[in-house]
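In the numbering used here, the protein residues as written are 198 to 693. Using N, Cα and C, we set each Cβ at its ideal position, and we do this for glycine too.
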Amino acid sequence: MSDSTSDQRPGKGRVFVRTDICKGCSFCIDFCPTDCLTFSNEFNAKGYHFPVLSAPEACTGCDLCGLYCPDFAIYGERWKDIDARQARGKPQPVPPPAAPPAAKPGRQAPVSADPKGVLTGLHFMDGDHAACEGALAAGCRFAAGYPITPSTEIVERFAARIPMVGGVFIQMEDELASSIAVQGAVWGGKKTLSVTSGPGFSLMMEHIGLAVITETPGVWVDVQRGGPSTGLPTLPGQADMMQARWGSHGDYEIIALVPNSPQECFDLMIKAFNLSEIYRCPVMFMMDEVVGHMVERVEIPSADKLEVVPRKLTTKPKGEYLPFATTSEDLVPEMTKAGEGYRIHVTGLTHDERGYPAMNAATQDKLVRRLMRKIRDHAEDLVDVQADFLDDAEIVVVSYGITSRIAKSAVDEARQRGLPAGHLRLRVVWPFPANRIRELCPRAKVFIMPELNMGQMVIELERAVGRQAKVVSMPHAGGSVHEPEAILKTIIEAAS
Ligand code: SF4
Ligand code: SF4
198 MSDSTSDQRP GKGRVFVRTD ICKGCSFCID FCPTDCLTFS NEFNAKGYHF
248 PVLSAPEACT GCDLCGLYCP DFAIYGERWK DIDARQARGK PQPVPPPAAP
298 PAAKPGRQAP VSADPKGVLT GLHFMDGDHA ACEGALAAGC RFAAGYPITP
348 STEIVERFAA RIPMVGGVFI QMEDELASSI AVQGAVWGGK KTLSVTSGPG
398 FSLMMEHIGL AVITETPGVW VDVQRGGPST GLPTLPGQAD MMQARWGSHG
448 DYEIIALVPN SPQECFDLMI KAFNLSEIYR CPVMFMMDEV VGHMVERVEI
498 PSADKLEVVP RKLTTKPKGE YLPFATTSED LVPEMTKAGE GYRIHVTGLT
548 HDERGYPAMN AATQDKLVRR LMRKIRDHAE DLVDVQADFL DDAEIVVVSY
598 GITSRIAKSA VDEARQRGLP AGHLRLRVVW PFPANRIREL CPRAKVFIMP
648 ELNMGQMVIE LERAVGRQAK VVSMPHAGGS VHEPEAILKT IIEAAS
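1) Just to confirm my understanding: we take Cys179, look at its own chain, exclude 5 residues before and 5 after, and list those with CB closer than 6 angstroms. What are they?
2) At what residues does the beta strand (DSSP E) containing His694 begin and finish?
3) Quick check on Arg211: buried or exposed, where buried means 16 or more other Cβ atoms within 10 Å of its Cβ?
4) What residue range does the beta strand (DSSP E) around Met646 cover?
5) Three-state secondary structure (DSSP) at Tyr272?
6) To the nearest angstrom, how far is the alpha carbon of Gly258 from that of Cys222?
7) Could you tell me whether the segment 388-398 touches the segment 341-359, where touching means 3 or more Cβ pairs closer than 8 angstroms?
8) Just list the beta strand (DSSP E) runs in the segment 545-616, keeping only unbroken ones of 3 residues or longer that don't cross its boundaries, in chain order.
9) Give the DSSP bridge partners of Leu621, in chain order.
10) Can you find a heavy atom of ligand 2 that lies under 7 angstroms from the Cβ of Gly221?
11) Could you pull out every residue in the same chain whose Cβ sits closer than 7 angstroms to the Cβ of Ser670, ignoring the five residues on either side in sequence?
12) Would you kindly report the start and end of the unbroken beta strand (DSSP E) that includes Lys387?
13) Could you have a look at Arg285 and say whether DSSP puts it in helix, strand or coil?
14) From the DSSP secondary-structure annotation, give me the bridge partner or partners of Cys337.
15) Who are the Cβ neighbours of Ala295 in its own chain at under 6 angstroms, not counting the five residues just before and after it?
16) When burial is assigned at 16 or more other CB atoms within 10 Å of the CB, is Gly615 buried or exposed?
17) Of all residues in the structure, which have a C-beta closer than 6 angstroms to any heavy atom of ligand 1, taken in chain order?
18) Spatial neighbours of His679 within its chain, please: C-beta separation below 7 angstroms, excluding the five flanking residues on both sides.
19) How big is the Cα-Cα spacing for Ile688 and Lys667?
20) Out of curiosity, what's the CA-to-CA distance linking Arg354 and Val416?
21) Could you tell me the alpha carbon to alpha carbon distance between Leu407 and Gly545, rounded to whole angstroms?
22) With a CB to CB cut of under 6 angstroms and the five nearest residues on each side skipped, what residues in its chain are close to Pro312?
23) Per DSSP, what kind of secondary structure is Arg304 in: helix, strand or coil?
24) Please report the straight-line C-alpha distance between Lys594 and Asp581, rounded to a whole angstrom.
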């Protein structure tokens, strides 16, 4: 516990900071009414900057910082209360220790990919087809979909390839049916894929919530196009990014990946399947029309070079297995499949460890907290970014998907002109890599975020940056992409 004040008793109170348990979320700084807190330049043992009292004379001891701190890592106290407490002989209160972070999920040892699904070789293919090949290489053997531009080519290829690999594709009557058919196949033992775009993604949202609460793994592809509604079916957008995170109902955490090339459609698709098995959750694969239809070189290695995470199937005796039981060391339950002789009950109702409905506040609290913690506590493990020129960058362009390719060319041009620009590309957007952004803040003066929507992920960027730097949004309604000159112009303006 550090006492952030001097002995001269400046201000009306003081703050105490448990630097060791602070996770650098900046809530205390953002909510301090007198702006007397800032982040220290030091890191704690967890790698986070922690708050320090930079203007002690302004601190009133109001304890709003303590009220908003999610980890009980800070609190404020008025001098008169401190004096009264000391007069009574009471020691300085110590914030309770934070709950220990969840241990890593019991990781299934990866195995080599099944050669039947791996089209080893050099190819010239578009992102949609590469995504399909990634799914097959990851072991996906069941897909259900309803055709919708610009995602249709993924399932068209799956339908053509799956008879040779061994598996099933069903064209369902709509996206509602597709998104529930895949979950039945998972409980039958398959790895599954569902694919859609635009309005189809909205229709799938109800069942994505079901997959969350039943802990049904699987990958859900959204090849984003211009919206809302039918919008621009053949032209790009990135306006479903918040829907991927918040589109279903209830409280939950989600994982979402964003490729920016056909090669990454293959590579990240395998990663998406692996993450869905590790965390037993639906994983969103957020492509866009340009990446989906862009044709480039795709290298598919041999099956023994590809690591695939198998499902964490239980080996417990039949009488002992509980399908939703976890331990304090591992918040991800073991799975089984229908027909193996284990008793399973899978319901969207709030359920206990047996899977039986238990509709009361205590079970709800326990279940929802675990569903969120199994991902949230591992947000740092999930960070996947590409950094260019960030060591000395004062202007940082943050981007993802097709926009990242344009942003990178603008940053390259800015560097050639001698401007201190850098680029951070997000390959995993959810959970948002807030701490990675904050690490850049002591040096970065301006963050610029171009995206093919009217300002979605920039909200997360602003939350991460807080008041430490300026954030410039570059919205675009979709239908085309940003001009690199426009991003370069924004960098030049930021530098001047
Ligand atoms: S006690 Fe109040 S004034 Fe002092 S740092 Fe906390 S929020 Fe700010
Ligand atoms: S609110 Fe966040 S930054 Fe402030 S002390 Fe708590 S954990 Fe640390």
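Reading off the structure:
1) It is not possible to answer for residue 179, since the shown part of the chain is limited to 198 through 693.
2) Here the chain comprises residues numbered 198 to 693, so residue 694 is not present and cannot be evaluated.
3) Answer is buried; the Cβ neighbour count reaches 16.
4) 643-648
5) If DSSP states are grouped into helix, strand and coil, Tyr272 belongs with the strands.
6) Cα to Cα, the separation comes out at about 20 angstroms.
7) Enough Cβ pairs lie closer than 8 angstroms, so yes.
8) 582-585, 592-596
9) Ala584, Val595
10) yes
11) Met646, Gly652, Val655
12) Per DSSP, Lys387 lies in no beta strand (DSSP E) segment and is marked neither H nor E.
13) coil
14) Lys388
15) Because Ala295 sits at a pLDDT of 49, beneath the cut-off of 50, its placement in the model cannot be relied upon, and the following sentence gives the value as read from the coordinates. If we look at Ala295 and ignore the five residues flanking it on each side, its Cβ neighbours are Ile218, Asp268.
16) exposed
17) Gly210, Val212, Cys229, Thr231, Cys233, Leu234, Cys256, Thr257, Gly258, Cys259, Asp260, Leu261, Cys262, Gly273
18) Thr600, Ile603, Pro647, Met671, His673
19) 12 angstroms
20) 16 angstroms
21) 6 angstroms
22) Ala500
23) coil
24) Position check: residue 594 holds Val in this sequence, whereas Lys was assumed. Distance between the alpha carbons of Val594 and Asp581: 16 angstroms.
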